[in-house]
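Under the numbering used here, the first residue of the sequence shown carries the number 7, and numbering increases by one thereafter. Positions of the beta carbon are idealized from the N, C-alpha and C atoms, including for glycine.
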Amino acid sequence: VTSNSSACSTGNEAVIDAMWHIRSGLATRMLAGGSEGASPYIWAGFDAMRVICKKFNDRPEEASRPMSASAAGFVPGAGGALLLLEELESALKRGARIYAEVLGGMVNCGGHRMGGSITAPNSEGVKRCIRGTVADAGIDPRQIGAINGHLTATYADPVEVKNWSTALERGPEDFPWINATKSMIGHCLGAAGAIECVAAVLQLYRGFIHPSLNCEDLHPEIALYERSIPRKAVACPDLKIVAKAGFGFGDVNSCLIFRKWEP
Numbered sequence: 007v008t009s010n011s012s013a014c015s016t017g018n019e020a021v022i023d024a025m026w027h028i029r030s031g032l033a034t035r036m037l038a039g040g041s042e043g044a045s046p047y048i049w050a051g052f053d054a055m056r057v058i059c060k061k062f063n064d065r066p067e068e069a070s071r072p073m074s075a076s077a078a079g080f081v082p083g084a085g086g087a088l089l090l091l092e093e094l095e096s097a098l099k100r101g102a103r104i105y106a107e108v109l110g111g112m113v114n115c116g117g118h119r120m121g122g123s124i125t126a127p128n129s130e131g132v133k134r135c136i137r138g139t140v141a142d143a144g145i146d147p148r149q150i151g152a153i154n155g156h157l158t159a160t161y162a163d164p165v166e167v168k169n170w171s172t173a174l175e176r177g178p179e180d181f182p183w184i185n186a187t188k189s190m191i192g193h194c195l196g197a198a199g200a201i202e203c204v205a206a207v208l209q210l211y212r213g214f215i216h217p218s219l220n221c222e223d224l225h226p227e228i229a230l231y232e233r234s235i236p237r238k239a240v241a242c243p244d245l246k247i248v249a250k251a252g253f254g255f256g257d258v259n260s261c262l263i264f265r266k267w268e269p
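Below you can see the structure in the form of structure tokens.
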């Protein structure tokens, strides 16, 4: 049993840690994930930093607005998720239902430099994390069909989209799908990465892209990427590879790449 605590990157890091244990032969299978309770004491800290949404109290279903020009902060969420990671030979031997493969992952820290701080990621660190994950997965960046972003409905959303674009060397004309699970469930903090990894895997398994809600008024800084942001669910039976990122307090970055399982 191991435990990690990396703020909003925690769930992703747990999956990456399990991947490393299995790769190195230290484990055959591991449960990895994260959970977060509904605590007003935690939310009060974010409220003091003015990053929690207050502008849509009369229309709560519209409050979580990642990538929107009218985003006014994140909506707190609570929950948990677990993924069972297992060595392929073991999974096949017991006839397990395989949803996806974990191709690669990376964790790093921006060191609170070059614009990074305890509350904001260093973009250079983010891009190194994305590139390192692609290299670890052994794929070409153009094979990525979709990105499940961190995208919290704060000022950092346009920066994140641009970081992906630069790191993958894919401009607006050939940028993959990018969506925000937080638009539907809010920001579950320490559980966010694990829950959103499940979302990434289910999209691969079922061949669809889930919508990013409440971003009809796309932020002008990412207007060129509009074609890549789904406002409704999109059938995508040919979806093969999804990237998932998480960025946490302390300038901690994490990224994973999943591939659809095809026997």
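Name, in chain order, the residues that DSSP records as bridge partners for residue i.
| i | result |
| --- | --- |
| residue 183 | 152 |
| residue 73 | None; residue 73 has no bridge partner. |
| residue 80 | 58 |
| residue 32 | Residue 32 is not bridged to any residue. |
| residue 115 | 258 |
| residue 107 | 265 |
| residue 52 | Partner(s): none; residue 52 has no beta bridge. |
| residue 41 | 86 |
| residue 224 | 74 |
| residue 215 | 240 |
| residue 249 | 153 and 263 |
Measuring CB to CB, does residue i end up less than 7 Å from residue j?
| i | j | result |
| --- | --- | --- |
| residue 121 | residue 128 | yes |
| residue 172 | residue 57 | no |
| residue 185 | residue 216 | yes |
| residue 145 | residue 91 | no |
| residue 214 | residue 124 | no |
| residue 266 | residue 210 | yes |
| residue 224 | residue 151 | no |
| residue 264 | residue 206 | yes |
| residue 76 | residue 258 | no |
| residue 131 | residue 116 | yes |
From residue i to residue j, what distance separates their C-alpha atoms?
| i | j | result |
| --- | --- | --- |
| residue 25 | residue 31 | 10 Å |
| residue 174 | residue 13 | 25 Å |
| residue 219 | residue 262 | 23 Å |
| residue 177 | residue 95 | 39 Å |
| residue 226 | residue 181 | 17 Å |
| residue 228 | residue 118 | 25 Å |
| residue 51 | residue 86 | 21 Å |
| residue 10 | residue 113 | 12 Å |
| residue 73 | residue 183 | 13 Å |
| residue 231 | residue 237 | 13 Å |
| residue 78 | residue 88 | 30 Å |
| residue 55 | residue 35 | 40 Å |
| residue 110 | residue 260 | 11 Å |
| residue 140 | residue 201 | 22 Å |
| residue 187 | residue 71 | 11 Å |
| residue 8 | residue 179 | 42 Å |
| residue 235 | residue 97 | 35 Å |
| residue 99 | residue 93 | 10 Å |
| residue 163 | residue 268 | 33 Å |
| residue 60 | residue 33 | 45 Å |
| residue 221 | residue 166 | 15 Å |
| residue 46 | residue 143 | 39 Å |
| residue 203 | residue 134 | 20 Å |
| residue 49 | residue 189 | 18 Å |
| residue 63 | residue 43 | 21 Å |
| residue 53 | residue 136 | 30 Å |
| residue 147 | residue 212 | 22 Å |
Which two residues bound the contiguous beta strand (DSSP E) that contains residue i?
| i | result |
| --- | --- |
| residue 87 | 85-92 |
I'd like the span of the alpha helix (DSSP H) that includes residue i, first residue to last.
| i | result |
| --- | --- |
| residue 168 | 162-174 |
| residue 132 | 129-143 |
| residue 120 | Note, residue 120: premise wrong, no alpha helix (DSSP H); not H, not E. |
| residue 237 | Careful: residue 237 lies outside any alpha helix (DSSP H) and carries neither H nor E. |
| residue 189 | 188-191 |
Original post:
Does the region 58-67 come close enough to the region 98-105 to have 3 or more Cβ pairs within less than 8 Å?
Top reply: no
Subject >> Contact the region 72-86 vs the region 192-209: 3+ CB pairs below 8 Å >> reply: yes
**OP:** Could you tell me whether the region 32-42 touches the region 13-22, using the rule of 3 or more Cβ pairs below 8 Å?
**Re:** A contact exists between the region 32-42 and the region 13-22.
Subject >> Stretch pair the region 244-264 + the region 145-163: three plus CB contacts closer than 8 Å >> reply: With a cut-off of 8 Å, the region 145-163 and the region 244-264 count as touching, because enough Cβ pairs lie within range.
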